[in-house]
Amino acid sequence: MHIATRLVHTGSEQACCAEPINVPIYQTSTFIQSGLTAPKDYHYSRIGNPTRTALEEALAIAETGTHAFAFGSGMAAIDAVASLLKPGDEAIVSEHLYGGSLRLFSGLLASHGIQFRYVDLRDRASVVRHLTQHTRMIWAESPSNPTLQVIDLELLATIGRERGIITVADNTFATPALQRPLELGVDFVVHSASKYLGGHSDVIAGAVITRREELARHIGFVQSARGAIPGPQDCFLVLRGMKTLYLRMQAHCENAGRIAGWLREQKKVRNVYWPGFTDYPEHSIAQKQMEGFGGVVSFDFQDDTEDSVQAFIRKTRIFRLAESLGGVESTLSHPASMSHPMLSVEERLRLGITPSLVRLSVGIENPDDLIEDLNQALNT
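In my numbering, the protein residues as written are 123 to 502.
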């Protein structure tokens, strides 16, 4: 056999004699078939890949769903669920929402004839008042980004079930370690797996999980047809992250609680947003549907100016300015200029996104070190 042929085919014959403790990375675009009439489970990696299957099985188990689908980003996952909406349909959406979701809904899908009504989903009467015969979906984010509003997901699921409306919960901030919306009756759970599920700030991925067979068929078709899938390496990284998710979330929650309590005592700080406070407006709801209060803490400064934020972020040493959240390392962001600049100043202020609002993604470092870093940055 010529060297050119040997180089191409060397190593392609697998010797299945090993039992790896971790799912291998099936870094292949296609699979050898045995014949035209006997297709195998895998034939093309856009349609299916063993590493992606392993991740999807893990996602379904974690969220107590029956069907899970991995996507190339959280936004791709959100877009797949939103594709159930057709021109003329309406969706009731939480007014407290991630900026990327707002951009997709208002900046793209609204131009396709879909009406999005932004409502305070904490107010049942307001939700019911905005329902029409064209309402097909209720979309919640709990806790919300960046002011950590908590929505009664069981109540929304009941409203949706009574009226035949699909309910969706973005569970990115809580993760299945703290909250499982499908158990509360919600139809869909979506995730940016780039955040806590991956947990190490090294992957972009998304996920959709459901228990409803007919909805799952649609998401599976969208995943295959649009092809917004994660590669096997990305799936492997999220799988690796999920192995330590429960332990990491315990550390995130404990550290966040310490920092939230400390921030409340600081004279330069005005408001602190964290659902774990017993006097927090939605604390009882969070206590009912969550098993921890999350690793995100937001606060704003007494003088309410962006100058305070600029001075603060120049001084922090452990907390670093960065997009995204949910990694093992602590980061901070400025929602008014980073995640929600598409909103008008008036709309941001109405939602509590002030010029001085800072969102902390509290990592798993030593909490005393984190507090010392915040302290020296506040007081230098």
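Ideal Cβ placement from N, Cα and C applies to all residues, glycine included.
Can we say the region 345-363 touches the region 317-330, given the rule of at least three CB pairs closer than 8 Å?
Touching, per the Cβ criterion.
Straight-line gap, glycine 379 to valine 450 (C-alpha atoms, nearest Å):
For glycine 379 and valine 450, the distance between alpha carbons rounds to 16 Å.
Boundaries (first-last residue) of the alpha helix (DSSP H) holding histidine 456:
Premise fails: histidine 456 is in no alpha helix (DSSP H) and is neither H nor E.
Unbroken stretches of the beta strand (DSSP E), 3 residues or longer, contained in the region 229-263:
Scanning the region 229-263 for uninterrupted beta strand (DSSP E) segments of 3 residues or longer gives 237-241 and 257-263, listed from N- to C-terminal end.
Could you check the C-alpha separation between valine 344 and aspartate 292 for me, to the nearest Å?
If you take the alpha carbons of valine 344 and aspartate 292, they lie about 19 Å apart.
So what does DSSP say about isoleucine 351, is it helix, strand or coil?
Residue state, collapsed to three classes: coil.
Quick one: using the 10 Å Cβ neighbour count with 16 as the cut-off for buried, is glycine 229 buried or exposed?
With fewer than 16 other Cβ atoms from the protein chains shown falling within 10 Å of its own Cβ, glycine 229 counts as exposed.
The beta strand (DSSP E) spanning valine 394 covers which residue range?
In the DSSP assignment, valine 394 falls within the unbroken beta strand (DSSP E) covering 391-395.
Inter-stretch contact at 8 Å, needing at least 3 Cβ pairs: the region 218-226 / the region 458-476:
Per the Cβ contact rule, the region 218-226 is in contact with the region 458-476 (3 or more Cβ pairs under 8 Å).
Under DSSP, the alpha helix (DSSP H) around leucine 177 begins and ends at which residues?
Annotation: the continuous alpha helix (DSSP H) that includes leucine 177 extends over 172-184.
Sequence-distant residues of the same chain with beta carbon closer than 7 Å to glutamine 411, five excluded per side
Here the set comprises Leu275, Glu276, Gln301 and Leu306.
Quickly, what does DSSP pair arginine 442 with across the bridge? List them, please.
According to DSSP, which records beta bridges pairwise, arginine 442 is partnered with Thr453.
Taking 7 Å as the limit between beta carbons, can you name the residues of its chain near isoleucine 440, skipping five residues before and five after?
Excluding residues within five positions, the ones whose Cβ falls inside 7 Å are Ser452, Glu487, Asp491, Leu492 and Asp495.
Tell me whether glycine 328 sits in a helix, a strand or coil according to DSSP, three-state version.
Looking at glycine 328 - three-state DSSP - the assignment turns out to be strand.
Indicate whether the contact test is met: 3 or more Cβ pairs, each with one atom in the region 421-440 and one in the region 386-396, closer than 8 Å.
Contact between the region 421-440 and the region 386-396 is present: three or more C-beta pairs spanning the two stretches fall below 8 Å.
Bridge-paired residues (DSSP) for histidine 313:
For histidine 313, the pairing in a beta bridge is given by DSSP as Ala329.
Give the range of the beta strand (DSSP E) segment to which alanine 433 is assigned.
Taken as a continuous stretch (DSSP letters only), alanine 433 belongs to no beta strand (DSSP E), being part of the alpha helix (DSSP H) at 428-437.
In or out: arginine 107 buried (at least 16 other Cβ within 10 Å) or exposed?
Limits of the chain in this structure are 123 at one end and 502 at the other, which puts residue 107 out of reach.
Taking C-beta to C-beta, are alanine 71 and phenylalanine 238 nearer than 8 Å?
Residue 71 falls outside the range modelled here, since the chain spans only 123 to 502, and no answer is possible.
Which of the three DSSP states is assigned to aspartate 163 in this structure?
In the structure shown, the three-state DSSP call for aspartate 163 is coil.
Restricting to Cα atoms, I'd like to know which of Leu369, Gly353 and Ile214 is closest to threonine 150.
Ranking the options by Cα distance to threonine 150, first place goes to Gly353.
Would you call the CB atoms of phenylalanine 310 and valine 418 closer than 8 Å?
No, the pair does not count as a contact, with Cβ atoms beyond the cut-off.
Flag this pair as touching only if the region 369-383 and the region 239-253 have three or more C-beta atom pairs under 8 Å; answer yes or no.
These segments do not touch.
Taking the Cβ atom as the reference point for each residue, do isoleucine 435 and leucine 454 lie within a distance shorter than 8 Å?
For isoleucine 435 and leucine 454, yes; Cβs fall inside 8 Å.
I need the straight-line Cα distance from glycine 194 to arginine 386, nearest angstrom please.
The alpha-carbon atoms of glycine 194 and arginine 386 are separated by roughly 38 Å.
Looking at the secondary structure, which residues open and close the alpha helix (DSSP H) in which alanine 378 lies?
Residues 367-386.
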